[in-house]
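Visitor: Residue numbers (our numbering), protein chains in the order written: chain A, 1 to 301; chain B, 302 to 602.
Quick one: structure below, then a few questions.
Protein chains: 2
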Amino acid sequence: MVRHDVQTLLLFLRACETKSITRAASQSNLALSAASRRMKLLEEGCGTVLLHRLPYGVEPTPAGLAVLRYARGVLGMNQQLDAELADYRAGVRGSVRVFASSSALVQRLAGDLSAFARAFPSIRLELQERPSVEIVEALYQKETDIGVIVRGGDLWQLRTRMYAEDRLAVVVPSDHPLAQGGPVAFASVLKEELVTLDHATAVHRLVINQARRSGQTPRVRVQVRSFEAMCQMVLHGLGLGILPELAAQPLVAAFGLTLLLLDEPWARRELAICTRAGDELDASAQRLIDFLVTRTGAAGR
Amino acid sequence: MVRHDVQTLLLFLRACETKSITRAASQSNLALSAASRRMKLLEEGCGTVLLHRLPYGVEPTPAGLAVLRYARGVLGMNQQLDAELADYRAGVRGSVRVFASSSALVQRLAGDLSAFARAFPSIRLELQERPSVEIVEALYQKETDIGVIVRGGDLWQLRTRMYAEDRLAVVVPSDHPLAQGGPVAFASVLKEELVTLDHATAVHRLVINQARRSGQTPRVRVQVRSFEAMCQMVLHGLGLGILPELAAQPLVAAFGLTLLLLDEPWARRELAICTRAGDELDASAQRLIDFLVTRTGAAGR
DNA sequence: AGTCAGCCTTCGCGGAATTCGAAGGCGGAA
DNA sequence: TTCCGCCTTCGAATTCCGCGAAGGCTGACT
Chain A
1 MVRHDVQTLL LFLRACETKS ITRAASQSNL ALSAASRRMK LLEEGCGTVL
51 LHRLPYGVEP TPAGLAVLRY ARGVLGMNQQ LDAELADYRA GVRGSVRVFA
101 SSSALVQRLA GDLSAFARAF PSIRLELQER PSVEIVEALY QKETDIGVIV
151 RGGDLWQLRT RMYAEDRLAV VVPSDHPLAQ GGPVAFASVL KEELVTLDHA
201 TAVHRLVINQ ARRSGQTPRV RVQVRSFEAM CQMVLHGLGL GILPELAAQP
251 LVAAFGLTLL LLDEPWARRE LAICTRAGDE LDASAQRLID FLVTRTGAAG
301 R
Chain B
302 MVRHDVQTLL LFLRACETKS ITRAASQSNL ALSAASRRMK LLEEGCGTVL
352 LHRLPYGVEP TPAGLAVLRY ARGVLGMNQQ LDAELADYRA GVRGSVRVFA
402 SSSALVQRLA GDLSAFARAF PSIRLELQER PSVEIVEALY QKETDIGVIV
452 RGGDLWQLRT RMYAEDRLAV VVPSDHPLAQ GGPVAFASVL KEELVTLDHA
502 TAVHRLVINQ ARRSGQTPRV RVQVRSFEAM CQMVLHGLGL GILPELAAQP
552 LVAAFGLTLL LLDEPWARRE LAICTRAGDE LDASAQRLID FLVTRTGAAG
602 R
């Protein structure tokens, strides 16, 4: 076990960045001699030379680069911890990690979470956006307490609760022929070029499967990584986009595009709240879930 | 910035795990008083109570749990660093991180890398297996120096070099009707149940696309996460498996299965070595790439 | 009740580690 | 040669850290 403290790591990082122990020392408010000694002790602890001493300063050795990566990692985590602790100092009593698919996030979840945060200011929320498949993985790995995903894949050993419903829609430029009528058939959308999301996305999987079912191949010219980018592409005539209705509405308004509902049964999707089946949830997580499913009943449409 | 050293973190971790400062102290070969004081100082540094003191011991508070996650993270990184440094102490001069798709790894790459390690024992190799899409992402994020992937997706801003070719094949139980003839047509494979890999996999994507092109839907009953698991499933009659020829050969022999080549042009794939286009590689990475492409010429078939 | 056992905290002491400024070595530049 | 910038080494002052002893608290056993 390599013994070191944050101070030393920071000093080492600065030495590598400034290529000078002198400058690193003064940045850390240390005498040069003390800094030099700390570097020496760090090297002894590691059992290797970490810095090449050159006439004009220092330069990390390969082993030094490994330590540098480590230092950056630790210091990064340290900063994040600091932010978390600041919340706890301010009176936070519990913490829940939530991973959500973009679809869920953009629709109800963002609003619901902010309502929750207002209702329970003493519970800290940590939210990350991920594709549904990764969320399932993250649950297994205990990287998150709660996942909000689009139903579809394997949910083995997960406990799920219905959260919201979702409908896919098509975004088209307002001067597009399809923009006139109301709801469209998927078949006519497939005749056009499409702008799609990342492969791993639930929306993408659903579209691909459905196209295959009708024996067609979607023509994909552009792939993007967010709904917003998708609308940009649609606006510039690179193709039509398929995305969740509620996610689309504000964007469509903002970009001056037209939204057409896909009025076919497969285009309805369920958003589910998932947790590990075995574990018992801590009080904060349980409270959040209760809050979310209650709003499903109250505010669901 | 929260000031702490590895010792304190380890002590805190043990205190949380054993629910007792006394036991944590003795595990760390410390007097109880010293341990208690360190915990107190840690709490002062964090500005919060981290451990609830109970009659029978201690219990982490929510803030304590955050620190606990941090401690586990840091200590984990520390261990990995230790392993790396052990190599450097043993005389290693440089280090290269390689992310490879399973297909590449199982075929030529594993052998080539071990040859390289023998030829250049002073260069440390760090190898991880990932799906091709994740590898591309990892290159952008600078999580790896070199990626070996199956050609297919976007390779924007990456420099690629041809590495090897690859052909898909079908694994069937030896008593299966198809096991008689030589190469099979994909169409006849699609009539069977399939055992497939994870969605994110390049093999899986290729199979799905090809099936779609011929207007069919592969029937998937089982999904697995490795070639070996796939062979197990095939052996037990859960379906046919599709995987890279060279990856299959040893497994097929080991399990007593039959391998049928897929003699169709789309079943050929290219494995490519990728790096970030902008960056210049350090000497070790460059040497590895030279080594790999040289062998491509010399030993390629 | 009284006693005991387990656990954590506080306190004062002595040894160890850290810091600091000064002095010194080492290359390159004027 | 003579600076100059950079790092290392050295001895003294200071600070930190661990140890054991003493004390408070709680629950269990007598």
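Glycine included, each C-beta is placed from N, C-alpha and C at the ideal position.
Computed from a predicted structure; not experimentally measured.
1. From what residue to what residue does the alpha helix (DSSP H) around Asp112 of chain A run?
2. If you drop the 5 nearest sequence neighbours on each side, which residues of the same chain put their C-beta closer than 6 Å to that of Gln550 of chain B?
3. Taking only the alpha-carbon atoms, compute the straight-line gap between Thr48 of chain A and Gln157 of chain A and give it to the nearest angstrom.
4. When you compare only the Cα positions, how much space is there between Leu235 of chain A and Phe255 of chain A?
5. Is Thr160 of chain A helix, strand or coil by DSSP?
6. Looking only at its own chain, which residues have a Cβ that is under 6 Å from the Cβ of Ser321 of chain B, when we skip the five neighbours before and after it?
7. Going by C-alpha to C-alpha distance, which of B:Ala416, B:Cys532 and B:Cys317 sits closest to Phe604 of chain B?
8. If I follow the unbroken alpha helix (DSSP H) through Gln249 of chain A, where does it start and stop?
9. State yes or no: is the C-beta of Phe186 of chain A nearer than 7 Å to some heavy atom of the ligand HEM?
10. Could you tell me whether the Cβ atoms of Pro566 of chain B and Ala503 of chain B are closer together than 8 Å?
11. So, helix, strand or coil for Pro361 of chain B, using DSSP?
12. Based on Cα-Cα distance, which residue from B:Thr319, B:Ala336, B:Ala548 and B:Ala470 lies nearest to Gln308 of chain B?
13. Which same chain residues, not among the five before or five after Leu351 of chain B, have their C-beta less than 8 Å away from its C-beta?
14. For the alpha helix (DSSP H) containing Leu342 of chain B, name the first residue and the last one.
15. Just tell me which of A:Glu165, A:Arg108, A:Arg205 and A:Leu113 has its CA closest to the CA of Leu271 of chain A.
16. Along the stretch 304-330 of chain B, what residues have a CB closer than 7 Å to any CB found in chain A?
17. Would you say Glu213 of chain A reaches chain B, if we count a Cβ-Cβ gap shorter than 8 Å as a contact?
18. For Val496 of chain B and Thr461 of chain B, what's the separation of their Cα atoms in angstroms?
19. Between the stretch 387-407 of chain B and chain A, which residues of the former have CB atoms less than 9 Å from a CB of the latter, in chain order?
20. Quick one: give me the first and last residue of the beta strand (DSSP E) that Arg570 of chain B is part of.
21. Taking any Cβ of chain B, which residues in the stretch 263-286 of chain A have a Cβ under 8 Å from it, in chain order?
22. Pull up the DSSP beta-bridge partners for His199 of chain A, would you.
23. Less than 8 Å between CB atoms is the rule here; does Tyr140 of chain A satisfy it with respect to chain B?
24. Counting only the same chain and skipping the five closest in sequence on each side, list residues whose C-beta sits under 6 Å from that of His505 of chain B.
25. Where Glu430 of chain B and Arg409 of chain B are concerned, what is the direct C-alpha to C-alpha distance, given to the nearest angstrom?
26. Less than 8 Å between the C-beta atoms of Gln328 of chain B and Arg338 of chain B, yes or no?
27. Note down, in chain order, every chain B residue with its Cβ under 7 Å from the Cβ of Met230 of chain A.
28. Does the distance from the CB of Arg468 of chain B to the CB of Leu544 of chain B come in under 8 Å?
29. Hey, Leu240 of chain A and Val172 of chain A: beta-carbon distance below 8 Å or not?
30. Within 8 Å of any Cβ in chain A, is that where the Cβ of Asp383 of chain B sits?
31. Got a sec: is the Cβ-Cβ distance from Pro363 of chain B to anything in chain A below 8 Å?
Guide: The structure says:
1. For this step, residue 112 of chain A is matched to residue 112 along the first sequence. Element bounds for Asp112 of chain A: Ala110 to Ala119.
2. Translated into positions along the second sequence, residue 550 of chain B becomes position 249. Nothing meets the Cβ criterion.
3. As a working note, residue 48 of chain A is residue 48 in the first sequence. As a working note, residue 157 of chain A is residue 157 in the first sequence. When rounded, the distance between both Cα atoms is 47 Å.
4. Taking the first residue of the first sequence as position 1, residue 235 of chain A is located at position 235. Taking the first residue of the first sequence as position 1, residue 255 of chain A is located at position 255. For Leu235 of chain A and Phe255 of chain A, the distance between alpha carbons rounds to 7 Å.
5. The count along the first sequence starts at 1 and reaches residue 160 of chain A at position 160. Strand.
6. Working through the second sequence from its first residue, we reach residue 321 of chain B at position 20. Closer than 6 Å at Cβ, skipping near neighbours: Gly358.
7. Any property of residue 604 of chain B remains undetermined from this structure, which presents chain B solely from 302 to 602.
8. To locate residue 249 of chain A, count along the first sequence from 1; it is residue 249. Per DSSP, Gln249 of chain A belongs to the alpha helix (DSSP H) from Glu245 to Phe255.
9. Summarising the ligand content, the structure contains no ligands, and the ligand HEM is consequently not present.
10. The residue given as residue 566 of chain B occupies position 265 in the second sequence. The residue given as residue 503 of chain B occupies position 202 in the second sequence. No, these two residues do not count as a Cβ contact at 8 Å.
11. Walking along the second sequence from the start, residue 361 of chain B turns up at place 60. Pro361 of chain B: strand per DSSP, three-state reduction.
12. Position 7 of the second sequence, counted from the first residue, corresponds to residue 308 of chain B. Comparing Cα-Cα distances from Gln308 of chain B to each of B:Thr319, B:Ala336, B:Ala548 and B:Ala470, the minimum goes to B:Ala336.
13. Working through the second sequence from its first residue, we reach residue 351 of chain B at position 50. Cβ within range, chain order: Phe313, Met340, Leu343, Glu344, Pro361, Thr362, Ala364, Gly365 and Val368.
14. Mapped onto the second sequence, residue 342 of chain B falls at position 41. Start and end: Leu333 to Cys347.
15. Here residue 271 of chain A refers to the residue found at position 271 of the first sequence. Ranking the options by Cα distance to Leu271 of chain A, first place goes to A:Glu165.
16. Arg304, His305, Asp306, Val307 and Gln308
17. On the first sequence, residue 213 of chain A is found 213 positions in, with the first residue counted as 1. For the record, residue 213 of chain A in the displayed sequence is Arg; it is not Glu. For Arg213 of chain A, the answer is yes, since a Cβ of chain B falls inside 8 Å of its Cβ.
18. Against the second sequence, residue 496 of chain B aligns to sequence position 195. Against the second sequence, residue 461 of chain B aligns to sequence position 160. Answer to the nearest angstrom: the Cα atoms are 31 Å apart.
19. Ala387, Asp388, Tyr389, Arg390, Val393, Arg394, Gly395 and Ser396
20. Here residue 570 of chain B is taken as the residue at index 269 of the second sequence, counted from 1. First-last of the beta strand (DSSP E) with Arg570 of chain B: Arg569 to Arg577.
21. Ser284
22. Numbered from its first residue, the first sequence carries residue 199 of chain A at position 199. His199 of chain A is not bridged to any residue.
23. Position 140 of the first sequence, counted from the first residue, corresponds to residue 140 of chain A. False, the Cβ-Cβ gap to chain B never drops below 8 Å.
24. Here the question's residue 505 of chain B lines up with position 204 in the second sequence. Within the same chain, His505 of chain B has close Cβ partners Thr497 and Leu498.
25. Start at 1 with the first residue of the second sequence, and residue 430 of chain B comes out as number 129. Start at 1 with the first residue of the second sequence, and residue 409 of chain B comes out as number 108. Glu430 of chain B and Arg409 of chain B: Cα-Cα distance of roughly 14 Å.
26. Taking the second sequence and counting its residues from 1, one reaches residue 328 of chain B at position 27. Taking the second sequence and counting its residues from 1, one reaches residue 338 of chain B at position 37. Against a cut-off of 8 Å, the Cβ pair of Arg338 of chain B and Gln328 of chain B comes out as no contact.
27. Here residue 230 of chain A refers to the residue found at position 230 of the first sequence. What Met230 of chain A touches in chain B: nothing, since even the nearest Cβ is about 16 Å away.
28. The residue labelled residue 468 of chain B in the question sits at position 167 within the second sequence. The residue labelled residue 544 of chain B in the question sits at position 243 within the second sequence. Not a contact, by the Cβ cut-off of 8 Å.
29. On the first sequence, residue 240 of chain A is found 240 positions in, with the first residue counted as 1. On the first sequence, residue 172 of chain A is found 172 positions in, with the first residue counted as 1. Yes; because the gap between Cβ atoms is below 8 Å, this pair is in contact.
30. For the purposes of this step, residue 383 of chain B is taken as the residue at position 82 of the second sequence. So yes, Asp383 of chain B belongs to the interface.
31. For the purposes of this step, residue 363 of chain B is identified with residue 62 of the second sequence, where counting begins at 1. Yes, Pro363 of chain B lies at the interface with chain A (some Cβ there is under 8 Å from its Cβ).
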